[in-house]
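So the protein sequences, as listed, match chains A and B.
Per this note's numbering, the very first residue in the first sequence carries number 117; after that it's consecutive.
Per this note's numbering, the very first residue in the second sequence carries number 188; after that it's consecutive.
Note that the Cβ used here is the ideal one computed from N, Cα and C, for glycine as well.
Keep in mind that this is a model prediction, so the values were computed, not measured.
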Amino acid sequence: MSHPGYTPSEIMTIEAARRLSNGTVCFVGIGLPSAAANLARLTHAPEVVLIYESGTIGAKPDVLPLSIGDGELAEYADTVVSVPEIFRYWLQGGRVDVGFLGAAQIDKFGNINSTIIGDDYAKPKVRLPGAGGAPEIASNAKETWIIIKQSPRTFVEKLDFLTSVGHYEGGDSRQRSGARGAGPTAVITDHGVLVPDPVTKELVLAALHPGVTEEQARAMTGWPLKVANQVAAIAPPTQLELVTLRDLHVRTARAHGTSSTNE
Amino acid sequence: MTDKIMPLADAVRRLVKDGQTVALEGFTHLIPTAAGHEIIRQKRRDLTLVRMTPDIVYDQMIGMGCAKKVIFSWGGNPGVGSLHRFRDAIQNGWPNAVAISEHSHADMAGRYQAGASGLPFSVLRGYVGSDLPKHNPEIKTITCPFTGEVLAATPAINPDVTVIHAQKADRKGNVLVHGIVGIQKEAVLAAKAAIVTVEEIVDDLEAPMNACVLPHWVLDAICEVPMGAHPSYAHGYYERDNAFCKEWDGISKERERFLEWMKAHVLGTPNHAQFLAYAGIR
Chain A
117 MSHPGYTPSE IMTIEAARRL SNGTVCFVGI GLPSAAANLA RLTHAPEVVL IYESGTIGAK
177 PDVLPLSIGD GELAEYADTV VSVPEIFRYW LQGGRVDVGF LGAAQIDKFG NINSTIIGDD
237 YAKPKVRLPG AGGAPEIASN AKETWIIIKQ SPRTFVEKLD FLTSVGHYEG GDSRQRSGAR
297 GAGPTAVITD HGVLVPDPVT KELVLAALHP GVTEEQARAM TGWPLKVANQ VAAIAPPTQL
357 ELVTLRDLHV RTARAHGTSS TNE
Chain B
188 MTDKIMPLAD AVRRLVKDGQ TVALEGFTHL IPTAAGHEII RQKRRDLTLV RMTPDIVYDQ
248 MIGMGCAKKV IFSWGGNPGV GSLHRFRDAI QNGWPNAVAI SEHSHADMAG RYQAGASGLP
308 FSVLRGYVGS DLPKHNPEIK TITCPFTGEV LAATPAINPD VTVIHAQKAD RKGNVLVHGI
368 VGIQKEAVLA AKAAIVTVEE IVDDLEAPMN ACVLPHWVLD AICEVPMGAH PSYAHGYYER
428 DNAFCKEWDG ISKERERFLE WMKAHVLGTP NHAQFLAYAG IR
């Protein structure tokens, strides 16, 4: 891929940020979702409401938090509540518009794995950190977005473990499962954006980043990828978007005492 | 009342016994690391360790052989990666086999609430479609008697001992927690006994109305341990030591280096003040 002036990781974060608007209440996962959500807040959506599972509501961190409970999140929040309260009243109570998650693996229905790699739970090849808040974010937010780098290892035909539900087995199976909300409405990758088919709920490639081809996206998908009739072209980053994102990463790196990274 | 204020070593000696269920809580903020170190120094064994986010403190306790089981919902070094000692115990049984009981955050929070409420179980709209219930017999379902909705049900957590860290206590032992308060209040009220380490003991808490204050009569030991949460942080006192959290990745990766570090820093120092001095922290 040739990307004059920006990386695939940067355009992924920027495209995710563009989707958040002022006033949206977003339950933010750590890492890529947090970077995208704060980029939105620092550019076009200063009034976006960011909630972290540590109980910080209306968080406005100046640098990206390393952990989900950095003091930075509490310092400038509108309010800080307890962990049971954030999950019971604010998430399960239906106050969250968008649950914004990352994952280690995703399948074609937007179900995600953050538990293990390998086929034996008792003897995993790789033990991942686990569920955290994701299962309930995925099943209680009004909709969810997933941000994940696309590769045959992450976009898999069958998950090693289903940690958090997306469109479950497709069709209306999510609704029947008892989950609330619309489930995954967008999967933002370093190749483009996938959205669920309105009926089958299978993820369909709907937009591509500048310079990325359908063939490249297919090659990075572990199942036969469906492609929309009209694939939208994602606009390249503006100067403001790029500068704001890079400044954020530089500030973050300085605060955490390491070199700058786009992860 | 004031006889509850005691050195941390005494509190652990009196209250933490082999084989117990022990919760060290603090959601990224106010993690009771000093207390974890003291439990390691006193060589407690066969503990069932409960904690939503087993991070460096449980990595250390597991690697030093304190645990037989870990009940948790997210086991990583936040922003850094894996907990190598935790993984080594699960995958290879080193230094001993460790059983796990894996939940989600919302569930763990509810289980502590149920424990604090004197109820046998917690209910939530959770684990929908997830594989977790297939691997954890403690996650069951219950049908709502009013609506017929099927919900997740999990047993209350009532630790033998809960340990938390807080900003300050007054001379009676009343404790003020502020900032990200996490699950500390519920974990204390769910427990049969509670130890609180604090940054300082003061004449007056100056607690605003509605602040999170744990009265002395629900606590069993209050111990003054400045910087007792390091490398976590205490809002208003010191920041999270992110550089150390990253360094831990290298220290903990190999068994030998880990053991060497723990022997020098924790077993080789008599208390937290000496640990901080030895490690060159602040």
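Nonlocal neighbours in the same chain, by C-beta distance under 6 Å from residue i, ignoring five residues either side
{"i": "PRO418/B", "result": "ASP428, PHE431, CYS432"}
{"i": "GLN196/A", "result": "Sequence check: residue 196/A is Val here, not Gln. For VAL196/A, where only same-chain residues beyond five positions count, the Cβ hits under 6 Å are GLY171, THR172, ALA190."}
{"i": "ILE233/A", "result": "LYS241, VAL242, ASP276"}
{"i": "HIS290/B", "result": "SER260"}
{"i": "LEU376/B", "result": "ALA303"}
{"i": "ASP213/A", "result": "THR140, VAL141, LYS258"}
{"i": "PRO268/A", "result": "GLY338"}
{"i": "SER269/B", "result": "none"}
Neighbourhood of residue i by C-beta distance below 8 Å, restricted to the same chain and skipping five residues each side
{"i": "THR377/A", "result": "Caution is warranted here: a pLDDT of 41 is assigned to THR377/A, below 50, making its placement in the model unreliable, and the coordinate value is therefore given only provisionally. Hits under 8 Å: HIS365, ALA369."}
{"i": "ILE227/B", "result": "GLN247, MET248, MET251, CYS253, MET449, VAL453, LEU454"}
{"i": "SER375/A", "result": "Here SER375/A scores only 44 on pLDDT, less than 50, and its place in the model should not be relied on; the value that follows carries that caveat. Within the same chain, SER375/A has close Cβ partners ALA369."}
{"i": "ALA247/A", "result": "SER230, THR231, THR279, SER280"}
{"i": "TYR477/B", "result": "The question about residue 477/B has no answer, for chain B in this structure spans 188 to 469."}
{"i": "ILE370/B", "result": "GLU212, PHE214, MET239, MET295, ALA296, TYR299"}
{"i": "GLU379/A", "result": "Reliability of the predicted coordinates at GLU379/A is poor, the pLDDT of 38 falling under 50, and the value obtained from them is presented with this limitation in mind. Excluding positions up to five away in sequence, the list reads SER125, GLY147, LEU148."}
{"i": "LEU406/B", "result": "LYS191, GLY360, VAL362, VAL375, ALA381, ILE382, VAL383"}
{"i": "LYS355/B", "result": "VAL362, LEU363, VAL385, GLU386, GLU387, ILE388, VAL389, LEU392"}
First and last residue of the uninterrupted alpha helix (DSSP H) at residue i
{"i": "LYS450/B", "result": "First-last for LYS450/B: undefined, no H or E at that position."}
{"i": "ALA464/B", "result": "459 to 466"}
{"i": "ILE167/A", "result": "Segment 165 to 168 is the beta strand (DSSP E) holding ILE167/A; no alpha helix (DSSP H) there."}
{"i": "THR220/B", "result": "220 to 228"}
{"i": "GLY187/A", "result": "187 to 191"}
{"i": "LEU356/A", "result": "355 to 372"}
{"i": "LEU211/B", "result": "Note, LEU211/B: premise wrong, no alpha helix (DSSP H); beta strand (DSSP E) at 208 to 211."}
{"i": "LEU195/B", "result": "195 to 202"}
{"i": "LEU148/A", "result": "148 to 158"}
{"i": "THR240/B", "result": "Element bounds for THR240/B: n/a, residue is neither H nor E."}
{"i": "ASP532/B", "result": "As shown, chain B starts at 188 and ends at 469. That puts residue 532/B outside it, with no answer to give."}
{"i": "ASN429/B", "result": "429 to 440"}
Residue i: first and last residue of the uninterrupted beta strand (DSSP E) it sits in
{"i": "GLY252/B", "result": "Counting along the chain, GLY252/B falls outside any beta strand (DSSP E), and DSSP gives it neither H nor E."}
{"i": "LYS342/A", "result": "342 to 349"}
{"i": "PHE143/A", "result": "141 to 144"}
{"i": "PHE216/A", "result": "214 to 217"}
{"i": "GLU411/B", "result": "408 to 411"}
{"i": "ILE304/A", "result": "300 to 304"}
{"i": "GLY381/A", "result": "Only positions 117 to 379 of chain A appear in this structure, which leaves residue 381/A out of reach."}
{"i": "LEU321/A", "result": "319 to 324"}
Close Cβ partners of residue i (< 7 Å) along its chain, the five nearest in sequence each way excluded
{"i": "ALA322/A", "result": "VAL309, LEU310, VAL311, ALA344, VAL347, ALA348"}
{"i": "THR360/A", "result": "LEU155, LEU158, THR159"}
{"i": "PHE462/B", "result": "HIS224, HIS452, VAL453, THR456"}
{"i": "SER118/A", "result": "With a pLDDT of 49 at SER118/A, under the threshold of 50, the predicted position of this residue should be treated as unreliable, though the coordinate-derived value follows. Cβ neighbours of SER118/A beyond the five flanking positions: GLY327."}
Self-check item: Within 7 Å of chain A by C-beta, residues of the region 396 to 429 of chain B in sequence order
Solution: TYR420, HIS422, GLU426, ARG427, ASN429
Quiz item: Which residue spans inside the region 312 to 350 of chain B form an unbroken beta strand (DSSP E) run of at least 3?
Solution: 327 to 330, 337 to 342
Quiz prompt | the region 306 to 325 of chain B / the region 266 to 284 of chain A touching (three or more Cβ pairs under 8 Å) | solution = yes
Quiz item: So, do the region 241 to 258 of chain B and the region 213 to 232 of chain A have three or more beta carbon pairs nearer to each other than 8 Å?
Solution: no
Quiz item: Of the residues that make up the region 360 to 383 of chain B, which ones have a beta carbon closer than 8 Å to any beta carbon in chain A?
Solution: GLY366, ILE367, VAL368, GLY369, ILE370, LYS372, GLU373
Exercise. List in chain order: all unbroken alpha helix (DSSP H) runs of 4+ residues lying wholly within the region 271 to 306 of chain B.
Key: 271 to 279, 292 to 304
Exercise. Decide if the region 176 to 188 of chain A is in contact with the region 226 to 234 of chain A; the criterion is three or more beta carbon pairs, one per stretch, under 8 Å apart.
Key: no
Exercise. Check distances from the C-beta atoms of the region 309 to 342 of chain B to those of chain A and list, in chain order, the residues that come in under 9 Å.
Key: LEU311, ARG312, GLY313, TYR314, VAL315, GLY316, SER317, ASP318, LEU319, LYS321, HIS322, GLU336, VAL337, LEU338
Exercise. Please name the residues in the region 268 to 302 of chain A whose beta-carbon is closer than 9 Å to at least one beta-carbon of chain B, in chain order.
Key: LEU275, PHE277, LEU278, THR279, SER280, VAL281, GLY282, TYR284, GLU285, SER289, ARG290, SER293, GLY294, ALA295, ARG296
Practice problem: May I have a chain-ordered list of the beta strand (DSSP E) segments no shorter than 3 residues that lie completely inside the region 237 to 295 of chain A? | Solution: 259 to 263
Exercise. Give, in chain order, every residue of the region 243 to 261 of chain B whose Cβ lies closer than 8 Å to some Cβ of chain A.
Key: PHE259, SER260, TRP261
Exercise. Write down every uninterrupted run of the beta strand (DSSP E) in the region 354 to 405 of chain B whose length is 3 residues or greater and which is fully enclosed by it, in chain order.
Key: 362 to 364, 380 to 389, 399 to 401
Quiz prompt | Residues from the region 169 to 190 of chain A in contact with chain B, defined by Cβ distance under 8 Å | solution = GLU169, SER170, GLY171, THR172, PRO181, LEU182, SER183, ILE184, GLY185, ASP186, GLY187, LEU189, ALA190
Quiz item: Mind listing which residues of the region 193 to 221 of chain B have their C-beta closer than 7 Å to chain A's C-betas, in chain order?
Solution: PHE214, THR215, HIS216
Self-check item: the region 208 to 223 of chain A: positions lying closer than 9 Å to chain B by Cβ
Solution: GLN208
Quiz item: Is the region 340 to 353 of chain B touching the region 205 to 213 of chain B, taking contact as three or more C-beta pairs under 8 Å?
Solution: yes
Exercise. Residues of the region 429 to 441 of chain B with a CB closer than 9 Å to any CB of chain A: list them in chain order, please.
Key: ASN429, ALA430, CYS432, LYS433
Exercise. Quick one: which residues of the region 261 to 274 of chain B get their C-beta closer than 7 Å to a C-beta of chain A? List them in chain order.
Key: TRP261, GLY262, GLY263, PRO265, GLY266, ARG274
Quiz prompt | Members of the region 125 to 158 of chain A that neighbour chain B once the beta carbon cut-off is set at 9 Å | solution = ILE146, GLY147
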